[in-house]
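Chains as they are written, first to last, in this note's numbering: chain A, 1 to 372; chain B, 1001 to 1328; chain C, 2001 to 2182.
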Amino acid sequence: MSGPIHIQPGETFTLNVGPQHPATHGVLRVKMEMDGEYIVKAETVLGYIHRMHELMGENRTYPQVLPNLSRLDYLGALGYTHGHVLAVERAAGIEVPERAEYIRAITVELNRVASHLFWFGAFVMDLGGFTPLMYAIQDREHILDMLEAVTGSRLTYCYYRFGGLYNDIDDDFIAAAKAFIPRMRKSLKKYDALVTGNIIFEKRLKDIGPISAEMCRKYGATGPVARGAGIDFDVRKNEPYSVYPEFDFDIPVYHECDSLARYKVRMEEMEQSLRIVEQGLEKLPDGPIMPAKKPKLIKPPAGDYYQAVETARGSFGIRIVSDGGKNAYRFKLRSPTYSNMSLFDEACEGMMIMDALAMMGSLDLVIPEIDR
Amino acid sequence: MSLTILNVIIAVVIAIGFAALNAAYLVWAERRGAGRIQRRPGPNVNGPLGLLQPLADGIKLMTKQLVIPGGADKALFMVAPVLAMAPAIISFVTIPFSESIVAHSMNIGVLMIFAFASLSGFSILLAGWSSRNKYGMMASVRAVSQNISYEVPMLITVITIVMMTGTMDLKELVAAQSGGIWNWNLIPSLSSPLMPVAFLIFFICSLAETNRAPFDLGEAESELVAGFHTEYGSMGFGLFFMGEYANIVIGASLITILFLGGWGCPLGLFPGVWWFLLKIYMLIFSFIWIRWTFPRTTIYGLLNLSWKILIPISLFNLLLTAGLLKVF
Amino acid sequence: MIKDTVKQALQDLFPDPEPVAEEVVAPAAEGADTDEDKKKPVKKKEEPRVNGVLERDHAEHGYDIDVQLDPGELLAAVMIIDKAGFFLESITGVDWIKEDQLEAVYDFSRYDFDTCRVVIRTRTPRSAPKIPTISKIYPGAGWHERETHDFFGIKFDGHPHLVPLLLPEDADFHPLLKDFKP
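What follows is the structure, given as structure tokens:
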């Protein structure tokens, strides 16, 4: 545990965690000043896979940018494309048929479960347990297969269109999703029995990596990180969009502020997502998946539009500043892990390196999404 | 005289062969076991059931270039992996597989094994220090503090057993337990009621001494990349790997000899080498099983476990047994 | 409603709120159907928007309060926002090359169910862009300001560590400026 540190000058050494390091799950670099096992000061260095999606958004038309959005977060890509289509629909005033919105919600939630499953496996692997990763990937594979059948891709989806969808779901998808829900519930119980109750696991996470509610506010942390700090914040509830008001689901909130709380939030979110999928399949209305009349060329009127959505990692925001042209004048992506990661430097001071990396795992980082 | 020397040489060669074969095939067993546990096949391409996989791995490791990082202490860098492998092989010399299969029986066999076992901590320290890598250095410091703190409860437990049997000769230790499961040291008796606890302590300590998960803090690949062998490639890495598995065999053999009656049958029938092998491989399987089930502990959790729980309990056991031996 | 209290508090920053309100109403009345027109009188009428507080339709724009102010008043406004318990969503810039100005946009939102998004904009000349840092109030602004500095070259006065974050360490270009040539 972290004790009081009295460092004399010249007693520390610099440790570069990354850009190639197993715990960072990507090309992230944290420059740590270490006193033995303790972190005295940390500085995160970003940008190793910065691709300037915002500039690409400015020199392409709105539909051309659509595939870019799924390259932000390869684990929960649908949530990001959802944000983009919602933002453009808001700006251009495009109506979306109800069926399309339902299918969007169903697929986004399935994708959220897939993303959380992968996080679960990778997080336990960060703590040294390999086996849950394989189990989680197996369950995730079912989701990817389902989504592949309707969207045509497995990770970087480009499924949503302005005003609707590229493809309607078929009976196979509905049957597969209906079969998946009870199987996933069983798996969740198994994960709980296998991992959550494990004494080593609990000892490694309990009271480790405290992130208080005030710290979340100052750094703008959202998503499971904020909910693990006792903040009852979920864009789906606070600022409802799409058809989410139609669904009955809860927001898991834990007040312990530690890594275990963040873990539990995500595990429960999977169950809540399954509930949404279940209700969505039940309520799924018939009808078209694209609006009857839709502008050929999307040219939102001049203005400044903002759209926030809840992705697997937190509140993702898109700001479109339009000058009335077919390209955005300014295309800003507010990525949740960018804000979540920014508090790492402060939070990890005085921690031991293995606790700090466990905390980093509990933030659920996807580096391409931080770097954009 | 010359015959004895020849005997010893043959025995040593067999010991080395046994250790190397075990190391190679335990890697295969570990990977197959991990595969089963993780619902995947594991290596199954080379040969039937992937049995030629260790051979392929060995050839690959041996034909690779050994890269010595710039600024490393060359001599120590080369010595460290050898030092990881050699003590494990030497320890095989004194382990009795059955009444007659033992390379060289010594009356201080237990002491010798522990003396060589502590050398493995030394090799980790040298490896981490000489490779001039911060991760390696941190890992080696961790591993050494771990080795030191787990040798203490381990030795206290051994002292308890030595006190009970009055010998340090491994063969005599087994002979004292012959006759059936009720004579094993594992089973509590009037003079040693806490033996199952001692067994548990010894088992945990063997896991920690051999740097196995959940105590593999010297490797800790998610924090320290690969720990002390970060900079090692080719056969340097291969020797560390083989040393680890040879150490596991030693650990399992020691547990078998000290607690599980060595080559004796649980029912006292047909004692022989097969019982010994059966017992050590069951223990090794449980090592593998544990590795693929539990996450890794923290370094302070590990040290706390040793100094605050295992050492007091084993000391209490020692005192209790000493007192009860006087009474009964 | 937090919206009204914050709006009132921000309104107090401006010495004479009445003319602002008039200015806002006027273009909206002229513009036939679009609310967006009042958002950007700059584009249509080639006259810059006057500093002040505007209330926006959430369904239309995605935020509720839109404040434009001088860089000098930024810290006061952010302090009001901070006191009201908002969290920092993001900071970004917009290059208004025609007006020869750079705009920094600050997004704030709330964790509770009293939904209110506040956007604060401040403009600075393109030739010497300079805005005070808010990283003393919101430490999380540190990264966002560094990013904005990377992309637009806006200097954040008082920022403790204003070095490139997403761009290479030695980058001396600002890719989101409209006159940027790769």
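All C-beta atoms in this analysis are idealised placements derived from N, C-alpha and C, irrespective of residue type, glycine included. Remember, predicted model here, so these are calculated numbers, not experimental data.
**Message:** Tell me the rounded alpha-carbon separation between C:L2069 and A:T311.
**Reply:** 32 Å
* Going along the chain, which unbroken runs of the alpha helix (DSSP H) with 4 or more residues stay wholly within the segment 1175-1261 of chain B? -> 1195-1209 and 1234-1259
Margin query: I need the straight-line Cα distance from A:F13 to B:L1155, nearest angstrom please.
Written below: 36 Å
Is there a Cβ from chain A that is less than 8 Å from the Cβ of B:P1041? no
- Indicate whether at least one CB of chain C lies closer than 8 Å to the CB of A:A164. One detail in the question is off: residue 164 of chain A reads as Gly in this sequence, not Ala. Answer no: the Cβ-Cβ gap between A:G164 and chain C never drops below 8 Å.
Hey, does C:D2170 have any beta-carbon neighbour from chain A nearer than 8 Å?
no
Three-state secondary structure (DSSP) of B:W1289: helix
Closer than 9 Å by beta-carbon distance: list the chain A residues that pair up with B:R1340, in chain order.
-> Residue 1340 of chain B lies beyond the residue range present for chain B, which begins at 1001 and ends at 1328; the question has no answer from this structure.
Review point. Under a three-way DSSP split, which group does C:E2060 fall into?
Key: helix
Worksheet entry | Beta-carbon neighbours of C:G2142, restricted to chain A and to distances below 8 Å | S342
key: Residues near B:L1315 by beta carbon distance below 8 Å, same chain, minus five either side   = I1156
**First through last residue of the beta strand (DSSP E) which encompasses A:K41** = Y38 to V45
Q) Going by the beta-carbon positions, is the gap between A:S115 and A:L75 smaller than 8 Å? A) yes
Work out the CA separation of A:Y166 and A:C158 for me, nearest whole Å. 8 Å
Does chain A have any CB closer than 8 Å to the CB of C:I2005? Looking at the sequence shown, residue 2005 of chain C is not Ile but Thr. Chain A contact via Cβ: absent.
- Give the DSSP-derived three-state secondary structure of C:E2103 in the structure shown. strand
Going by other Cβ atoms of all chains shown within 10 Å of its Cβ, with 16 needed for buried, is C:G2072 buried or exposed?
exposed
Beta-carbon proximity list for A:P288, same chain, < 6 Å, skipping 5 on both sides: P97
key: Buried versus exposed, by CB contacts within 10 Å (16 or more), B:A1220   = buried
Exercise for the section: Please determine, among A:K283, A:H25, A:A226 and A:G163, the residue with the shortest C-alpha to C-alpha distance to A:A314. Expected result: It is Gly, not Ala, that sits at residue 314 of chain A in the sequence shown. For A:G314, the nearest C-alpha among the options comes from A:A226.
query: Which of helix, strand or coil does DSSP assign to B:W1263?
result: coil
Against B:P1214, what residues of chain A qualify as contacts under a CB-to-CB distance less than 7 Å, listed in chain order? G128 and I200
Point to revise | C-beta neighbour in chain C for A:D417, strict 8 Å | key: Chain A is shown only over 1 to 372; residue 417 of chain A falls outside these bounds and no answer can be derived.
- Task: Give, in chain order, every residue of the segment 23-40 of chain A whose Cβ lies closer than 7 Å to some Cβ of chain B.
- Result: A23 and E37
A:M354 beta carbon less than 8 Å from that of B:T1230: no
key: Whether C:P2139 touches A:E346 by CB criterion (8 Å)   = yes
Exposed or buried, C:I2131, counting other C-beta atoms within 10 Å across all chains shown (16 or more means buried)? buried
Under a CB-based cut-off of 8 Å, is C:V2050 close to chain A?
-> no
> Quick one: what's got a C-beta closer than 6 Å to A:M359's C-beta in the same chain, skipping five residues either side?
Replying inline: G209 and S259
Just mark C:D2033 as buried or exposed, buried being the case when its beta carbon has 16 or more other beta carbons within 10 Å.
With a pLDDT of 44 at C:D2033, under the threshold of 50, the predicted position of this residue should be treated as unreliable, though the coordinate-derived value follows. Per the 10 Å Cβ criterion, exposed.
In the DSSP output, what is A:L155 paired with across the bridge? Answer is none; A:L155 lacks a bridge partner.
Does DSSP classify A:V65 as helix, strand or coil? helix
Starting from the C-beta of B:A1322, find all residues in its chain whose C-beta is less than 7 Å away, skip the five residues before and the five after it, and write them out in chain order. M1163
inquiry  = For A:V243, report the span of its beta strand (DSSP E) as first-last.
reply    = Element bounds for A:V243: n/a, residue is neither H nor E.
Got a sec: is the Cβ-Cβ distance from B:W1028 to anything in chain A below 8 Å? no
Requested in this report: Just the chain B side, please: which residues come within less than 7 Å of A:F378 by C-beta, in chain order?
Outcome: There is no way to answer for residue 378 of chain A, as the model of chain A reaches only from 1 to 372.
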